[in-house]
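Asker: If you read the protein sequences in the order shown, they are chains A and B. Each residue of the first sequence is one higher than the one before, counting from 0 in numbering that gives the first Met the number 0. Each residue of the second sequence is one higher than the one before, counting from 0 in numbering that gives the first Met the number 0. Even glycine gets a Cβ: it sits at the ideal position worked out from N, Cα and C.
2 protein chains.
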Amino acid sequence: MRTARPEDTRWLTDQEQRTWRAYMHAVTLLEDHLDRQLQRDAGMPHMYYGLLVQLAEAPRRRLRMTELAIGAKITRSRLSHAVARLEKNGWVRRENCAADKRGQVAVLTDEGYEVLARTAPGHVAAVRQAMFDRLTPEQQKSLGEIMSVIAEGLQPKDGGADLPWLR
Amino acid sequence: MRTARPEDTRWLTDQEQRTWRAYMHAVTLLEDHLDRQLQRDAGMPHMYYGLLVQLAEAPRRRLRMTELAIGAKITRSRLSHAVARLEKNGWVRRENCAADKRGQVAVLTDEGYEVLARTAPGHVAAVRQAMFDRLTPEQQKSLGEIMSVIAEGLQPKDGGADLPWLR
DNA sequence: GGCCTCTTCTTGAAACTTAAACAAGTCGGC
DNA sequence: GCCGACTTGTTTAAGTTTCAAGAAGAGGCC
Chain A
0 MRTARPEDTR WLTDQEQRTW RAYMHAVTLL EDHLDRQLQR DAGMPHMYYG
50 LLVQLAEAPR RRLRMTELAI GAKITRSRLS HAVARLEKNG WVRRENCAAD
100 KRGQVAVLTD EGYEVLARTA PGHVAAVRQA MFDRLTPEQQ KSLGEIMSVI
150 AEGLQPKDGG ADLPWLR
Chain B
0 MRTARPEDTR WLTDQEQRTW RAYMHAVTLL EDHLDRQLQR DAGMPHMYYG
50 LLVQLAEAPR RRLRMTELAI GAKITRSRLS HAVARLEKNG WVRRENCAAD
100 KRGQVAVLTD EGYEVLARTA PGHVAAVRQA MFDRLTPEQQ KSLGEIMSVI
150 AEGLQPKDGG ADLPWLR
């Protein structure tokens, strides 16, 4: 990241630039689309919906705050605010963690589960319509591989795959 | 989007679900990564940087607000706030539009151009490292096609490709 | 001209995110 | 036991985005 000298920069080729812009446009439009869809039908932004989904899938519908944050790829701070809001809606409840007195556990309430059950079909349909219905099976496979590679590269694993010289 | 009955829902297959999650994770992590990179090196979020880039590429480094909003895939309201901030930084200037008294033209200042010139190399490097360096040429090509398809499908073209029955 | 409708852009408030600082608790070593 | 370093989760303030409302001009039609 510390390319100090502009003359050393490997600029994007025309092809790469087109790809990058298509990516940015698609991502911007899609996130916008889903945010609106969920705000309208479920009364919450996409990220919050994702939190409820994770809780619904977890054993006993509960997760430590930190695990939830990691799973959702967000900071603990952001999660704190989000859970506060979801709690106000009655969709999530906080409990103390028995094993670690610092810990908090977010629990999906029955009411929260209801919201999810009621709105999931519409959301899946939106995702299908915007993405899967427009892609061939090969493209879907390819997309999955590509996104996995990118996500892996950005995972803040302090194991230090990014810092081999510190091994 | 009006799938009222859950029993009619075509849920995502396991494969599709994996793809969708990989997508969400990659997109979340990448946007986060680039936002941090640009906040640190250029003092602005990714979206704002994109606005300066568009202005820099436009003839005479200026664009009507609405065109800029369309190009960036954001609402005029959001753009209004964003330009207000960039103006405060001295990177953009507003001018009245001669042809349309309602219109405003956003103009990239020399100072704004400087910021771009100074920070572009670092940003390109970040994009390369996070995306292009990790993908094969075939994957890059595929990604471009896939994202174009998705973006097209979400383009708010009132021509109504989404509403064929209204034709 | 006068009227109606649409477009352009801005505004203000509420919601959401970020960054930094902090209280409280854990853990290992001494 | 106690110290120091680290972890957990929250809080505050500042920045950004959204939503609804509105001022001002454009443009068509009579």
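At 3 residues or longer, and completely inside the region 1–52 of chain B: list those beta strand (DSSP E) runs for me, N to C.
Answerer: Counting whole runs of 3 or more residues, the region 1–52 of chain B contains no beta strand (DSSP E) stretch at all.
Asker: Could you pull out every unbroken beta strand (DSSP E) segment of at least 3 residues lying fully inside the region 71–143 of chain A, listed in chain order?
Answerer: Within the region 71–143 of chain A, the complete beta strand (DSSP E) runs of at least 3 residues are 91–95, 103–107.
Asker: Using 8 Å for Cβ pairs, my map puts A:ALA119 next to A:LEU62. What's the rounded Cβ distance?
Answerer: Indexing the first sequence from 1 puts residue 119 of chain A at position 120. Indexing the first sequence from 1 puts residue 62 of chain A at position 63. Between A:LEU62 and A:ALA119 the Cβ distance is about 19 Å, and since that is not below 8 Å, they are no contact.
Asker: Considering only C-alpha positions, which residue in the set A:GLU15, A:LEU37, A:ARG127, A:LEU78 is nearest to B:LEU11?
Answerer: Here the question's residue 11 of chain B lines up with position 12 in the second sequence. Measuring from the Cα of B:LEU11, the nearest candidate turns out to be A:ARG127.
Asker: Using 9 Å as the limit for Cβ to Cβ distance, is B:THR65 near chain A?
Answerer: The residue labelled residue 65 of chain B in the question sits at position 66 within the second sequence. Answer no: the Cβ-Cβ gap between B:THR65 and chain A never drops below 9 Å.
Asker: Beta-carbon of A:GLY42 versus every beta-carbon of chain B: anything under 9 Å?
Answerer: The residue labelled residue 42 of chain A in the question sits at position 43 within the first sequence. With 9 Å as the cut-off, A:GLY42 does not count as an interface residue toward chain B.
Asker: Nearest chain B C-beta to A:ALA129 closer than 9 Å, yes or no?
Answerer: The count along the first sequence starts at 1 and reaches residue 129 of chain A at position 130. Cβ-Cβ to chain B under 9 Å: yes for A:ALA129.
Asker: Examine chain A for any beta-carbon lying closer than 9 Å to the beta-carbon of B:LEU29, and answer yes or no.
Answerer: Within the second sequence, numbered from 1, the residue matching residue 29 of chain B stands at position 30. Yes, B:LEU29 counts as interfacial toward chain A.
Asker: Would you please verify whether the beta carbon of A:GLU110 is less than 9 Å from any beta carbon of chain B?
Answerer: Mapped onto the first sequence, residue 110 of chain A falls at position 111. For A:GLU110, the answer is no, since every Cβ of chain B falls outside 9 Å of its Cβ.
Asker: Against chain A, with Cβ distances strictly below 9 Å, would B:MET0 count as a contact?
Answerer: For this step, residue 0 of chain B is matched to residue 1 along the second sequence. Because B:MET0 carries a pLDDT of 49, less than 50, the predicted location of this residue cannot be relied on, and no value is offered for it.
Asker: Spatial neighbours of A:ASP40 within its chain, please: C-beta separation below 6 Å, excluding the five flanking residues on both sides.
Answerer: In the first sequence, residue 40 of chain A corresponds to position 41, counting from 1. Answer for A:ASP40: THR118, GLY121, listed in chain order.
Asker: At least one CB of chain B closer than 9 Å to the CB of A:HIS24: is that the case?
Answerer: The sequence position of residue 24 of chain A within the first sequence is 25, counting from 1. It does; some Cβ of chain B falls within 9 Å.
Asker: What residues of chain A sit near B:ARG133, judged by a beta carbon separation below 7 Å?
Answerer: In the second sequence, counting from the first residue as 1, residue 133 of chain B sits at position 134. Near B:ARG133 (Cβ distances below 7 Å), the residues of chain A are VAL148, ILE149, GLY152.
Asker: Quick one: which residues of the region 9–23 of chain A get their C-beta closer than 8 Å to a C-beta of chain B? List them in chain order.
Answerer: Here the close residues are ARG9, TRP10, LEU11, GLN14, GLU15, ARG17, THR18, TRP19, ALA21, TYR22, MET23.
Asker: Can you tell me where the beta strand (DSSP E) with A:ARG59 in it begins and where it stops?
Answerer: Taking the first residue of the first sequence as 1, we reach residue 59 of chain A at position 60. It is not in any beta strand (DSSP E) - A:ARG59 carries neither H nor E in the DSSP assignment.
Asker: Please decide whether B:SER76 counts as near chain A, where near means a Cβ-Cβ distance under 9 Å.
Answerer: Along the second sequence, one-based indexing puts residue 76 of chain B at 77. No - not a single Cβ of chain A is within 9 Å of the one on B:SER76.
Asker: Can you grab the Cα-Cα spacing for the pair B:GLU137 / B:GLU15, in whole Å?
Answerer: Reading the second sequence from its first residue, position 138 is the one you call residue 137 of chain B. Reading the second sequence from its first residue, position 16 is the one you call residue 15 of chain B. Spanning the two alpha carbons is a distance of roughly 21 Å.
Asker: Please report the Cβ distance between A:LEU167 and A:LEU142, rounded to the nearest whole angstrom; I am assuming they are in contact, meaning their Cβ atoms lie under 8 Å.
Answerer: The shown model of chain A, from 0 to 166, leaves out residue 167 of chain A, and the question about it has no answer.
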